[in-house]
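Numbering (the numbering used here), first residue to last: 494 to 760.
C-beta: ideal position from N, C-alpha, C; glycine also.
Structure first, then comments.
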């Protein structure tokens with residue numbers, strides 16, 4: 494699993510947001526270019542392959558990625574998912590292992606069937622000049638909406654769960670007195686508290702839930718990554734376990750919120 498910088502949205506979330514914004518309407522050439530730039534960012538051109546014979550043609554380069562997804566099919570529903578080991582949150586069995594390893598995938602419904610599309614990211618270069626090659630693999634699946642609704646929930650539910658998880662976990666950390674931040678973290682925390690989505694990442698008209706859920710969930714996941722770099726001052730294994738459980742609760746709610754934010758606005 495290869496992640497983007499701490500301030501970046503997962504690739505699957507960005508792809509799902511753009512595909513969802515085009516349901517019921519074909520994008521123009523300018524929108525396709527903007528979407529490609531948002532999804533690929535500093536990556537090498539993405540590729541798309543398929544494990545099946547129907548619906549997609551094999552091994553296409555992007556900027557043809559989006560054209561390949563849209564030329565021969567009509568997307569009617571889409572959702573990004575961000576699974577981790579022990580929390581598959583609606584991932585179809587056919588792609589469970591690949592999606593958990595990647596930490597993300599998108600689910601598509603089309604006029605001709607349903608698909609799970611999982612990225613494989615290969616890092617190359619040095620720490621100073623890293624690069625990433627991304628290959629998306631599409632696999633035919635059964636209808637997925639019922640499982641995703643049951644395990645991830647609606648945007649409104651995700652919003653409520655996010656606020657509840659933050660309150661519960663913050664209270665637990667404060668009670669355990671293990672939520673200490675070192676002085677060297679102060680600047681990072683200040684920047685994370687005001688972290689915003691970079692211009693050009695979102696489509697022109699994202700749904701209202703995207704604008705509400707994405708920034709908060711992104712900030713929380715970034716803070717969790719920072720918090721996991723040490724034990725936060727825990728003095729025994731029980732406190733360390735309690736702190737880990739509190740952070741895991743926030744992360745689960747943040748991942749579900751990011752997924753829910755990609756729910757298309759119905760036209």
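Which first and last residues belong to the beta strand (DSSP E) in which residue i is found?
| i | result |
| --- | --- |
| residue 508 | Unbroken run through residue 508 is the alpha helix (DSSP H), 504-514; no beta strand (DSSP E). |
Assuming residue i is part of the alpha helix (DSSP H), what are its boundary residues?
| i | result |
| --- | --- |
| residue 589 | 589-595 |
Between the C-alpha atoms of residue i and residue j, what's the straight-line distance to the nearest angstrom?
| i | j | result |
| --- | --- | --- |
| residue 556 | residue 539 | With a pLDDT of 49 at residue 556, under the threshold of 50, the predicted position of this residue should be treated as unreliable, though the coordinate-derived value follows. Whole-angstrom Cα-Cα distance: 8 Å. |
| residue 443 | residue 611 | The structure shown does not extend to residue 443, since the chain is modelled only from 494 to 760, so the question has no answer here. |
| residue 598 | residue 739 | 25 Å |
| residue 634 | residue 730 | 42 Å |
| residue 491 | residue 631 | Examination of residue 491 is not possible in this model, given that the chain is present from 494 through 760 alone. |
| residue 521 | residue 515 | 10 Å |
| residue 735 | residue 657 | 17 Å |
| residue 701 | residue 652 | 12 Å |
| residue 603 | residue 706 | 26 Å |
| residue 501 | residue 695 | 12 Å |
| residue 572 | residue 506 | 8 Å |
| residue 577 | residue 601 | 20 Å |
| residue 532 | residue 737 | 32 Å |
| residue 608 | residue 659 | 33 Å |
| residue 746 | residue 654 | 6 Å |
| residue 748 | residue 649 | 14 Å |
| residue 733 | residue 536 | 37 Å |
| residue 690 | residue 717 | 17 Å |
| residue 629 | residue 504 | 10 Å |
| residue 640 | residue 697 | 29 Å |
| residue 742 | residue 692 | 29 Å |
| residue 596 | residue 523 | 30 Å |
| residue 511 | residue 661 | 33 Å |
| residue 605 | residue 720 | 44 Å |
| residue 518 | residue 587 | 30 Å |
Which residues does DSSP pair with residue i in a beta bridge?
| i | result |
| --- | --- |
| residue 608 | 601, 633 |
I need the DSSP call for residue i, collapsed to helix, strand or coil.
| i | result |
| --- | --- |
| residue 645 | coil |
| residue 623 | strand |
| residue 534 | coil |
| residue 672 | Bear in mind that the predicted position of residue 672 carries a pLDDT of just 49, short of 50, making it unreliable; the figure below should be weighed with that in mind. Of the three classes helix, strand and coil, the one that applies to residue 672 here is coil, per DSSP. |
| residue 569 | strand |
| residue 616 | strand |
| residue 584 | coil |
| residue 577 | strand |
| residue 721 | coil |
| residue 713 | helix |
| residue 700 | coil |
| residue 518 | coil |
| residue 757 | coil |
| residue 655 | helix |
For residue i, verify whether its CB is less than 7 Å away from any heavy atom of the ligand NAP.
| i | result |
| --- | --- |
| residue 607 | With respect to the ligand NAP, the structure offers nothing, as it holds no ligand at all. |
Check whether chain E comes within 8 Å of residue i, counting only Cβ atoms and requiring the distance to be less than that.
| i | result |
| --- | --- |
| residue 651 | Absent from the structure: chain E. Only one protein chain is present. |
Problem - Inter-stretch contact (C-beta, 8 Å, three-pair minimum) for the segment 620-628 and the segment 589-596 - result: No: the two stretches stay apart, fewer than three of their Cβ pairs being nearer than 8 Å.
Practice task
Count the C-beta pairs between the segment 602-616 and the segment 706-718 that are closer than 8 Å, then say yes if the count reaches three, no if not.
Solution key: Segments in contact, no.
Problem - Contact between the segment 570-589 and the segment 644-658 (3+ Cβ pairs under 8 Å) - result: Between the segment 570-589 and the segment 644-658, the count of Cβ pairs shorter than 8 Å is three or higher; the stretches touch.
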